[in-house]
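Worksheet: the structure to be examined is printed underneath.
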Amino acid sequence: MHAAVATLGALAAFFALAGALGVWLMRDVYQKLHYLTLPCSISVWFLCAAMFVGEKQKQAGVKVVLISLVLFFMNAVVTQATARAAWVRKDGRWPPQKAPPPAPPEAAE
Amino acid sequence: MSAWLAGALALCAGLAPCAAVALRAQDVMERVVALEMASVLVTLALVMLAEAMQRTLFLDLALTQALLSFGGGLVFARFLERWV
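Chains as they are written, first to last, in numbering that gives the first Met the number 0: chain E, 0 to 108; chain W, 0 to 83.
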């Protein structure tokens, strides 16, 4: 029981740390945004599993599930809003416009 | 040291890369991403600390942090998109 809780907690911490390192190492904002997914979509469920395995009180488990759901759904909304803000700051308009098709080559004389 | 406390300390160590990005990045949107990652890490660390100290009441702090970071992230994104 104790080993299972420690393993699940270690996995949660590992994925969260990997996300933090991804935010640090990636080059631009769009690449960094991908790494928010690791703690919000993977670590939280490992943490939930660890709580349900190791915790006797149901109230604590329900609260952790609530926190996990908030983080899980919050991540999608905040990531989309941040990516849109980054695009609008760079390009000045939303939604992104399609690039015009390339001009046809001149007919050979 | 319990496993929960070790996990909380590991998550707090994850704040260092976020702080480095938030302090040194050239683009302000990269700093916002680092701030969002830091808020998620703090939320998870609060959950682990609550379990390490056997105080389930502290889980309310983590829930409040998660909800406030959600609103804060949206406000930062919209504010930087329109006015800054």
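The beta-carbon is built from N, C-alpha and C at its ideal position, and this holds for glycine as well.
Contact set for residue i: own chain, Cβ-Cβ below 7 angstroms, skip 5 residues either direction
{"i": "residue 74 of chain E", "result": "35, 36, 39 and 40"}
{"i": "residue 6 of chain W", "result": "47"}
{"i": "residue 54 of chain E", "result": "60"}
{"i": "residue 60 of chain W", "result": "45"}
Distance CB(residue i)-CB(residue j) smaller than 8 angstroms
{"i": "residue 9 of chain W", "j": "residue 16 of chain E", "result": "yes"}
{"i": "residue 58 of chain E", "j": "residue 55 of chain W", "result": "yes"}
{"i": "residue 45 of chain E", "j": "residue 68 of chain E", "result": "no"}
{"i": "residue 3 of chain E", "j": "residue 2 of chain W", "result": "no"}
{"i": "residue 79 of chain W", "j": "residue 28 of chain W", "result": "yes"}
{"i": "residue 7 of chain E", "j": "residue 65 of chain W", "result": "no"}
8 angstroms Cβ shell around residue i - same chain, five flanking residues per side excluded
{"i": "residue 29 of chain E", "result": "82 and 85"}
{"i": "residue 4 of chain W", "result": "47, 48 and 51"}
{"i": "residue 78 of chain E", "result": "32, 35 and 36"}
{"i": "residue 93 of chain E", "result": "83, 86 and 87"}
Nearest neighbour of residue i, chosen from the options [CA to CA]
{"i": "residue 21 of chain W", "options": "W:66, W:32 and W:0", "result": "W:32"}
{"i": "residue 82 of chain W", "options": "E:56, E:79 and E:88", "result": "E:88"}
{"i": "residue 38 of chain W", "options": "E:95, E:19 and E:94", "result": "E:19"}
{"i": "residue 43 of chain E", "options": "E:105, E:80, E:12 and E:95", "result": "E:12"}
6 angstroms CB neighbourhood of residue i in its chain, flanking five on each side removed
{"i": "residue 24 of chain W", "result": "30"}
{"i": "residue 58 of chain W", "result": "49"}
{"i": "residue 17 of chain W", "result": "33, 36 and 37"}
{"i": "residue 63 of chain E", "result": "47 and 50"}
{"i": "residue 68 of chain W", "result": "38"}
Any contact of the region 29-43 of chain W with the region 49-57 of chain E, i.e. 3+ C-beta pairs under 8 angstroms?
no
Members of the region 13-27 of chain E that neighbour chain W once the beta carbon cut-off is set at 7 angstroms:
15, 16, 18, 19, 20, 22 and 23
Residues in the region 31-44 of chain W with C-beta within 7 angstroms of chain E's C-beta atoms, listed in sequence order?
31, 32, 33, 35, 36, 39, 40, 42 and 43
Is there contact between the region 86-106 of chain E and the region 70-77 of chain W, where contact requires at least three CB pairs shorter than 8 angstroms?
no
What residues in the region 85-101 of chain E have a beta carbon less than 8 angstroms from any beta carbon of chain W?
85, 87 and 88
Could you list the residues in the region 51-67 of chain E with a C-beta less than 8 angstroms from some C-beta on chain W, going in chain order?
53, 54, 56, 58, 59, 62, 63, 65 and 66
What residues from the region 32-46 of chain E come within 8 angstroms of chain W, judged by C-beta to C-beta, listed N to C?
32, 34, 35, 38, 39, 42, 43 and 46
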